[in-house]
Amino acid sequence: MSAVIKDSAQPQQTLVSLCNLNKHYGDFAAVDNISLDIQDGEFLTFLGSSGSGKSTTLSMLAGFETPSSGEILVSGKSLVNVPPHKRDIGMVFQRYSLFPHLSVRDNIAFPLAIRKLAPAERNKRVDAMLKLVQLEQFAHRRPSQLSGGQQQRVAIARALVYEPRILLMDEPLGALDKKLREDLQDELRQLHRRLGITIVYVTHDQEEAMRLSQRIAIFSHGKIVGLGSGYDLYQNPPNAFVASFLGNSNFLKLKAQGNGVATFEGQSLSIRLTAGLVTDQDVLLMIRPEKAQALSVEQAALQPLQTGWNEVSAKVGEVLFLGESQTCTVMTQGGTSMTVKALSAAGMPLKAGDQVRVRWATADACVYTQWAESDLNKAAGAH
Ligand code: ADP
Ligand code: MG
Numbered sequence: 000m001s002a003v004i005k006d007s008a009q010p011q012q013t014l015v016s017l018c019n020l021n022k023h024y025g026d027f028a029a030v031d032n033i034s035l036d037i038q039d040g041e042f043l044t045f046l047g048s049s050g051s052g053k054s055t056t057l058s059m060l061a062g063f064e065t066p067s068s069g070e071i072l073v074s075g076k077s078l079v080n081v082p083p084h085k086r087d088i089g090m091v092f093q094r095y096s097l098f099p100h101l102s103v104r105d106n107i108a109f110p111l112a113i114r115k116l117a118p119a120e121r122n123k124r125v126d127a128m129l130k131l132v133q134l135e136q137f138a139h140r141r142p143s144q145l146s147g148g149q150q151q152r153v154a155i156a157r158a159l160v161y162e163p164r165i166l167l168m169d170e171p172l173g174a175l176d177k178k179l180r181e182d183l184q185d186e187l188r189q190l191h192r193r194l195g196i197t198i199v200y201v202t203h204d205q206e207e208a209m210r211l212s213q214r215i216a217i218f219s220h221g222k223i224v225g226l227g228s229g230y231d232l233y234q235n236p237p238n239a240f241v242a243s244f245l246g247n248s249n250f251l252k253l254k255a256q257g258n259g260v261a262t263f264e265g266q267s268l269s270i271r272l273t274a275g276l277v278t279d280q281d282v283l284l285m286i287r288p289e290k291a292q293a294l295s296v297e298q299a300a301l302q303p304l305q306t307g308w309n310e311v312s313a314k315v316g317e318v319l320f321l322g323e324s325q326t327c328t329v330m331t332q333g334g335t336s337m338t339v340k341a342l343s344a345a346g347m348p349l350k351a352g353d354q355v356r357v358r359w360a361t362a363d364a365c366v367y368t369q370w371a372e373s374d375l376n377k378a379a380g381a382h
């Protein structure tokens, strides 16, 4: 008897390499020199706003688009001249593109029929897929007799039935409503865990990317501008664009004053050590709203500032109750707007017009030395 046991301690192996990949339309670079290693068995998501090059990159991997230049390697072998149906890759789109005149069973069997599998083997695999996506009792229905979520499960089963090594999914849940999308996200995560295949997923929805992925590649203007786990990208964004794109952020503009010190609106603050800072250099500080605290003047007087923490004075503009959490928007004396977020359970006894002290730990604030003003605006399409 033999069993394949996946050893999670095993070093990961690169399955797909995108090497200096470009796609130009005229002199417009839809994909701009992307290099990326995709690990065998991982769930990787391309996340970015509309038009950032996600689908074009995925289409080159699938073989529907030809790169202008660059290489795509799978297990070290070039794919560029391999036609799509010989790539060992399954694909699921937002539009389910099921055959309307075929039953669920025949839709799923279709890739096996064109690959001329023997009927017995075909039936066995289709049965297994129907079970996998929990549509056994719908096998004889037509796509039009199914809900959107069920149709997408058929599309997923059809993409998986010939056991591809890699599954590509381009906004597959984009047409479904929120509750159904979350159910299917859970199903997809379980499916990935059970099958152990490599999934490359495209979405513009950061929450979906966070829920599903082991790693996220953040796209902007045809480039990958951030790559890592959702946790790392959120906690320690590599640049101001990623900080602004993922979640919410406060940006403060400071001037460096030497090692670990910078001034903000004339006041001295401590910042994380950053190599090569020169005096009076512009630096950007980023603090997540939930890492900052707003204390009333009275509260602040009772709680002396601890070492390793910073404090600025501000005035409350608005307090919003959001159910689980509350946010408070404040304005510093120099006119910088900040948002502080706290769990409702922790209480936030503040109201508009209150004078407050905003505090944060130096270790919780990221420091950037290079950024563009446009990085600080929430990118279009990011939710
Ligand atoms: P995303 O999937 O991230 O929304 P796409 O990869 O579809 O973005 O597109 C990236 C950019 O390339 C967009 O600006 C889009 O308009 C452009 N583009 C895509 N396909 C073509 C094409 N066939 N001809 C010209 N421009 C294209
Ligand atoms: Mg797209």
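Residue numbers (numbering that gives the first Met the number 0): 0 to 382. Even for Gly, the Cβ is constructed at its ideal location relative to N, Cα and C. Since the structure is predicted, the reported quantities are computational estimates derived from the model, not experimental observations.
Looking at the DSSP output, A216 shares a beta bridge with F45, L226. By alpha-carbon distance to D374, the top candidate from K85, F263, A242 is A242. By the C-beta criterion, the segment 219-228 is judged not to be in contact with the segment 254-264, since fewer than 3 inter-stretch pairs fall below 8 Å. An exposed status is given to V277, since fewer than 16 other beta-carbon atoms sit within 10 Å of its beta-carbon.
Here the C-alpha atom of G352 lies approximately 20 Å from the C-alpha atom of S343. Straight-line spacing of the CA atoms in S324 and Q205 works out to 19 Å.
Of the heavy atoms belonging to ligand 1, none sits nearer than 7 Å to the Cβ of K222. Taking C-beta atoms under 8 Å as the contact rule, L97 and P142 qualify, at a distance of about 4 Å. Relative to P83, the option among G62, N309, F320 whose CA is nearest is G62.
As DSSP reads the structure, G346 sits in no beta bridge.
Annotation: E207 to R271 spans about 31 Å, alpha carbon to alpha carbon. Residue environment for R192: exposed (fewer than 16 other C-beta atoms within 10 angstroms of its C-beta). Listed as beta-bridge partners of A28 by DSSP are H23. Between the segment 239-255 and the segment 328-347, the count of Cβ pairs shorter than 8 Å is three or higher; the stretches touch. Considering only L232, K178, F240, D231, the residue with the shortest C-alpha distance to S219 is F240. One Cα belongs to I215, the other to L301, and the distance between them is close to 43 Å. S58 is classed as buried because its beta carbon has at least 16 other beta carbons within 10 Å across all chains shown. Under DSSP, V91 takes part in a beta bridge, and its partners are M168. When DSSP reads this structure, I286 sits in a beta bridge with N249.
Relative to ligand 1, T55 has its C-beta within less than 7 Å of a heavy atom. Residue pairing by DSSP puts A293 in a beta bridge opposite V357. DSSP places I198 in the uninterrupted beta strand (DSSP E) bounded by 197-202. Counting only unbroken stretches of 4 or more residues, the alpha helix (DSSP H) elements lying wholly within the segment 48-135 are 53-61, 103-113, 118-131, in sequence order.
Secondary structure note for L319: it is in no alpha helix (DSSP H), and the uninterrupted beta strand (DSSP E) holding it is 308-320.
Around the beta-carbon of E120, fewer than 16 other beta-carbon atoms lie within 10 Å, marking it exposed. Between Y367 and V311, the C-beta spacing is not below 8 Å. Within the same chain, Cβ atoms closer than 7 Å to the Cβ of L251 are found at F263, L284, T335, the five residues on either side in sequence being excluded. Inclusion of N122 and V153 in the CB contact set at 8 Å is not warranted, their separation being larger than that value. Secondary structure at Y233: helix, using DSSP grouped into helix, strand and coil. Rounded to whole angstroms, the Cβ separation of V296 and S54 is 52 Å, and the two are not in contact under 8 Å.
Per the DSSP secondary-structure output, S269 pairs in a beta bridge with V260. Relative to the Cα of A360, the nearest Cα in the group L319, E289, E317, N21 belongs to E289.
Here the C-alpha atom of S269 lies approximately 46 Å from the C-alpha atom of E186.
Nearest in C-alpha terms to E170, of all of V199, D182, V103, is V199.
Of the candidates A255, G322, G173, G221, G221 places its Cα closest to the Cα of I33. For the set Q184, I196, Y233, the Cα lying nearest the Cα of R210 is the one of Q184.
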